Amino acid sequence: MKGMTIGTSRITAQGQISVPAGVRKKLGVGPGATLEWDERGDEVIVRRAGRYTSEEIHSAVFPEGPPERRGLVQMKEGIRARMRKRYARD
18 MKGMTIGTSR ITAQGQISVP AGVRKKLGVG PGATLEWDER GDEVIVRRAG
68 RYTSEEIHSA VFPEGPPERR GLVQMKEGIR ARMRKRYARD
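In the working numbering, the protein residues as written are 18 to 107.
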């Protein structure tokens, strides 16, 4: 599904473009900001550098898939063990 066009740009002879005000506002960028250009199939996606989707972050943190699920009791035991280790008196 294709989104609505929020601006257009013209490429100069030097290969430069101006980013339309609506796009700058949507991305929250200004002078000196860095933009990333990503290829997805036959489309090119422009986004503010450093802005990633939760799926991209999840796949970077867990490259082999999601970790094994743990229950509340296991979580509490893990927190207790970590606190004992962290605050242990030598």
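Each residue gets a CB set at the ideal place from its N, CA and C atoms; glycine is no exception. The structure presented is a predicted model; accordingly, all values stated were derived computationally and were not measured.
What does DSSP give as the partner residues of residue i in its beta bridges?
i   : result
R64 : E53
Report the residue from the options whose alpha carbon sits nearest the alpha carbon of residue i.
i   : options               : result
R41 : G32, Q33, L52 and Q31 : L52
M21 : K43, I96, Q31 and A30 : K43
R64 : R86, V78, G47 and S76 : G47
The alpha helix (DSSP H) spanning residue i covers which residue range?
i   : result
Q33 : Neither: Q33 is in no alpha helix (DSSP H) and is coded neither H nor E.
I23 : I23 -> no alpha helix (DSSP H), and no H or E assigned at all.
G39 : A38 to L44
Rounded to whole angstroms, what's the CA-CA distance from residue i to residue j? Just pull it up for me.
i    : j    : result
I62  : D55  : 5 Å
A66  : R27  : 22 Å
G88  : T29  : 58 Å
P80  : S71  : 13 Å
P37  : E60  : 19 Å
I96  : P83  : 20 Å
Q31  : V78  : 39 Å
V90  : A50  : 46 Å
R103 : E94  : 14 Å
R57  : R101 : 47 Å
R86  : R106 : 32 Å
S76  : Q33  : 33 Å
Contact check, residue i vs residue j under 8 Å by CB: the rounded distance?
i   : j   : result
G39 : G24 : 5 Å
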